[in-house]
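There are 2 protein chains.
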Amino acid sequence: MKIYKIPEATVMRLSVYSRYLFQLLDEDVKTVSSDEVARGVGVSSAQVRKDLAYFGEFGTRGVGYNVEDLYSQLMKILGLNQRWNIIIVGAGKLGSAFALYQGFIDRGFSIKAILDIDENRIGQELDGVEIEPLELLNNRVKEHKVDIGVITVPAVAAQDVTDKLVAAGIKAILNFSPSILKVPADVVLRNVDLSVNLEVLSFNLAFNN
Amino acid sequence: MKIYKIPEATVMRLSVYSRYLFQLLDEDVKTVSSDEVARGVGVSSAQVRKDLAYFGEFGTRGVGYNVEDLYSQLMKILGLNQRWNIIIVGAGKLGSAFALYQGFIDRGFSIKAILDIDENRIGQELDGVEIEPLELLNNRVKEHKVDIGVITVPAVAAQDVTDKLVAAGIKAILNFSPSILKVPADVVLRNVDLSVNLEVLSFNLAFNN
Numbered sequence: 000m001k002i003y004k005i006p007e008a009t010v011m012r013l014s015v016y017s018r019y020l021f022q023l024l025d026e027d028v029k030t031v032s033s034d035e036v037a038r039g040v041g042v043s044s045a046q047v048r049k050d051l052a053y054f055g056e057f058g059t060r061g062v063g064y065n066v067e068d069l070y071s072q073l074m075k076i077l078g079l080n081q082r083w084n085i086i087i088v089g090a091g092k093l094g095s096a097f098a099l100y101q102g103f104i105d106r107g108f109s110i111k112a113i114l115d116i117d118e119n120r121i122g123q124e125l126d127g128v129e130i131e132p133l134e135l136l137n138n139r140v141k142e143h144k145v146d147i148g149v150i151t152v153p154a155v156a157a158q159d160v161t162d163k164l165v166a167a168g169i170k171a172i173l174n175f176s177p178s179i180l181k182v183p184a185d186v187v188l189r190n191v192d193l194s195v196n197l198e199v200l201s202f203n204l205a206f207n208n
Numbered sequence: 000m001k002i003y004k005i006p007e008a009t010v011m012r013l014s015v016y017s018r019y020l021f022q023l024l025d026e027d028v029k030t031v032s033s034d035e036v037a038r039g040v041g042v043s044s045a046q047v048r049k050d051l052a053y054f055g056e057f058g059t060r061g062v063g064y065n066v067e068d069l070y071s072q073l074m075k076i077l078g079l080n081q082r083w084n085i086i087i088v089g090a091g092k093l094g095s096a097f098a099l100y101q102g103f104i105d106r107g108f109s110i111k112a113i114l115d116i117d118e119n120r121i122g123q124e125l126d127g128v129e130i131e132p133l134e135l136l137n138n139r140v141k142e143h144k145v146d147i148g149v150i151t152v153p154a155v156a157a158q159d160v161t162d163k164l165v166a167a168g169i170k171a172i173l174n175f176s177p178s179i180l181k182v183p184a185d186v187v188l189r190n191v192d193l194s195v196n197l198e199v200l201s202f203n204l205a206f207n208n
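Protein chains in written order, with numbering that gives the first Met the number 0: chain A, 0 to 208; chain B, 0 to 208.
Given below as structure tokens:
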């Protein structure tokens with residue numbers, strides 16, 4: 000299957016569709032229409048069809064989609080038919096919350112290592128994973144075949160940690176720090192800034208009133 | 000100032016620009032060009048100019064922007080020249096991390112109440128705010144003039160909490176649960192799904208290899 004440039008918003012919706020289909024599977028539903036998927040997740044049915052069309056033909060006209068088939072196709076497209084190993088750098092409040100967040104475990108993500116520079120945190124455990132010194136970054140990435148680095152360090156340290164992750168061979172980074180990070184073209188970077196999310200809300204509140 | 004439909008990506012970049020300007024202010028820099036802002040935050044200078052153009056004329060051709068003026072204009076546009084009161088519903092791992100996250104306090108956001116239904120959590124404190132029973136939602140929203148509701152409850156409870164927040168008069172909701180929530184047209188909803196962020200990465204890793 001040749002994949003052209005897929006909009007990020009499509010990828011995010013595929014993730015949402017796959018969760019909805021999982022729910023249907025759980026309720027033993029066998030087939031579903033694009034209309035039903037659309038209603039179930041709150042988008043238009045044209046959107047559902049367009050998103051799926053990037054990846055070829057899934058449904059049968061007049062019959063709809065086979066729930067199990069579509070679910071497993073979407074999981075495969077999202078790369079969730081395999082395990083992904085994660086390293087967390089920064090075991091502060093946000094890093095701990097991320098480590099303890101259970102939402103992605105049943106989607107195939109596994110936290111293999113958690114690093115910090117704070118002597119008081121090193122040696123403690125988060126959900127069974129020991130917090131270890133930052134110096135072990137390269138070793139742990141290689142030993143655990145880590146795929147994804149999660150950055151939950153203060154802004155000033157974020158680029159340095161990014162460089163270390165990249166040097167260790169990491170190709171995907173989820174950044175929770177408010178820094179604008181530079182990565183080579185072959186590394187996927189995704190920023191999650193909690194403050195920015197709040198500020199989109201305050202912007203809307205300020206200007207709609 | 001009449002505001003037309005502003006792309007969300009623009010609003011998010013304004014937030015990033017404002018942080019960069021704050022840094023410049025701190026370094027006592029007086030004027031800055033769109034090129035410098037662009038380089039500082041990692042976007043094109045055309046993008047900086049286009050984003051700012053939504054809100055009128057800021058700079059002087061050939062001179063650039065006055066850092067202090069532009070900073071205070073951006074803060075005003077983002078609604079950050081005022082305080083915003085927050086209520087957190089769900090004091091589990093994610094709710095606690097959010098409550099303890101310091102990143103948005105100096106941007107004018109203030110956590111006024113934290114609610115939960117778990118007897119073991121109620122009565123505990125998070126950064127000086129006591130966790131109280133969910134039943135107090137309506138009272139606390141009114142008493143503290145809460146502007147923004149943050150939802151960090153499990154998916155199954157999220158719509159119910161949303162309905163309660165909306166009924167209490169909340170016009171902006173930040174949702175961390177993986178649920179697709181329904182809100183009236185006059186309520187701004189923003190979803191932050193940690194798993195979806197990871198899945199955009201796994202998608203890229205799976206398809207670029």
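Heads up, the beta-carbon is just placed ideally off N, CA and C, and yes, glycines get one too.
CB contact below 9 Å: residue i versus chain B
{"i": "Glu26(A)", "result": "no"}
{"i": "Gly41(A)", "result": "yes"}
{"i": "Val88(A)", "result": "no"}
{"i": "Ser33(A)", "result": "no"}
{"i": "Ser14(A)", "result": "yes"}
{"i": "Phe97(A)", "result": "yes"}
{"i": "Glu67(A)", "result": "no"}
{"i": "Arg18(A)", "result": "yes"}
{"i": "Gln81(A)", "result": "yes"}
{"i": "Gly61(A)", "result": "no"}
Neighbouring residues, chain A, relative to residue i (Cβ below 9 Å)
{"i": "Pro183(B)", "result": "The premise fails here: Pro183(B) is roughly 13 Å from chain A at the closest Cβ pair, so nothing lies under 9 Å."}
{"i": "Val10(B)", "result": "Val195, Glu198, Val199, Phe202, Asn203"}
Reduced DSSP secondary structure (H/G/I, E/B, other) of residue i
{"i": "Lys181(B)", "result": "coil"}
{"i": "Ala90(A)", "result": "coil"}
{"i": "Ala171(A)", "result": "strand"}
{"i": "Arg82(B)", "result": "coil"}
{"i": "Phe206(A)", "result": "helix"}
{"i": "Leu197(B)", "result": "helix"}
{"i": "Arg120(B)", "result": "coil"}
{"i": "Arg60(B)", "result": "coil"}
{"i": "Glu26(B)", "result": "coil"}
{"i": "Val187(A)", "result": "strand"}
{"i": "Phe103(A)", "result": "coil"}
{"i": "Ile5(B)", "result": "coil"}
{"i": "Ser109(A)", "result": "strand"}
{"i": "Asp146(A)", "result": "coil"}
{"i": "Ala31(B)", "result": "Per the sequence presented here, residue 31(B) reads as Val, with Ala not at that position. Strand, per DSSP."}
{"i": "Asp126(B)", "result": "coil"}
{"i": "Leu69(A)", "result": "helix"}
{"i": "Asp115(B)", "result": "strand"}
Reference residue i; option with closest CA among the options
{"i": "Arg189(A)", "options": "Gly148(A), Phe206(A), Val15(A), Ala166(A)", "result": "Gly148(A)"}
{"i": "Ser178(B)", "options": "Asp185(B), Leu200(B), Val155(B)", "result": "Val155(B)"}
{"i": "Pro153(A)", "options": "Gly94(A), Gln123(A), Lys170(A), Leu197(A)", "result": "Gly94(A)"}
{"i": "Val145(A)", "options": "Ile116(A), Ile110(A), Tyr100(A), Tyr70(A)", "result": "Ile110(A)"}
{"i": "Ser201(A)", "options": "Ile121(B), Gly122(B), Phe108(B), Leu204(B)", "result": "Phe108(B)"}
{"i": "Ala171(B)", "options": "Ile85(B), Ala112(B), Asp192(B)", "result": "Ile85(B)"}
{"i": "Gly102(B)", "options": "Glu198(A), Tyr64(A), Asn203(A), Lys4(A)", "result": "Glu198(A)"}
{"i": "Pro183(B)", "options": "Thr161(B), Arg12(B), Leu193(B)", "result": "Thr161(B)"}
{"i": "Val42(B)", "options": "Leu23(B), Asn174(B), Leu73(B), Tyr19(B)", "result": "Tyr19(B)"}
{"i": "Gln158(B)", "options": "Lys141(B), Ile76(B), Asn174(B), Leu180(B)", "result": "Leu180(B)"}
{"i": "Leu99(B)", "options": "Ala98(A), Lys92(A), Gly63(A)", "result": "Lys92(A)"}
{"i": "Glu134(B)", "options": "Arg120(B), Ile116(B), Glu56(B), Glu7(B)", "result": "Ile116(B)"}
CB contact check: residue i to chain A, cutoff 9 Å
{"i": "Asp50(B)", "result": "no"}
{"i": "Ala171(B)", "result": "yes"}
{"i": "Ile2(B)", "result": "Low per-residue confidence applies at Ile2(B): pLDDT is 47, beneath 50, and the placement is therefore not dependable enough to give any value."}
{"i": "Ile85(B)", "result": "yes"}
{"i": "Gly107(B)", "result": "yes"}
7 Å Cβ cut-off: residues of chain B touching residue i
{"i": "Ile179(A)", "result": "Val15, Val40, Gly41"}
{"i": "Glu7(A)", "result": "Val199"}
{"i": "Leu93(A)", "result": "Ala96, Tyr100"}
Cross-chain neighbours of residue i in chain A, by beta carbon under 7 Å
{"i": "Gly102(B)", "result": "Pro177, Leu193, Ser194"}
Proximity test, residue i beta-carbon vs the ligand PLP heavy atom, cut-off 8 Å
{"i": "Val47(A)", "result": "The ligand PLP is absent from the structure shown, which contains no ligands of any kind."}
Within chain B, partners of residue i - CB distance below 9 Å
{"i": "Ile76(A)", "result": "Phe202, Ala205, Phe206"}
query = Taking Cβ-Cβ distances below 8 Å as the criterion, which residues of the region 117-150 of chain A are in contact with chain B?
reply = Asp146, Ile147
message = At a CB distance below 7 Å, what residues from the region 186-203 of chain B approach chain A? Give them in sequence order.
response = Val187, Arg189, Val191, Leu193, Ser194, Val195, Asn196, Leu197, Glu198, Val199, Leu200, Ser201, Phe202, Asn203
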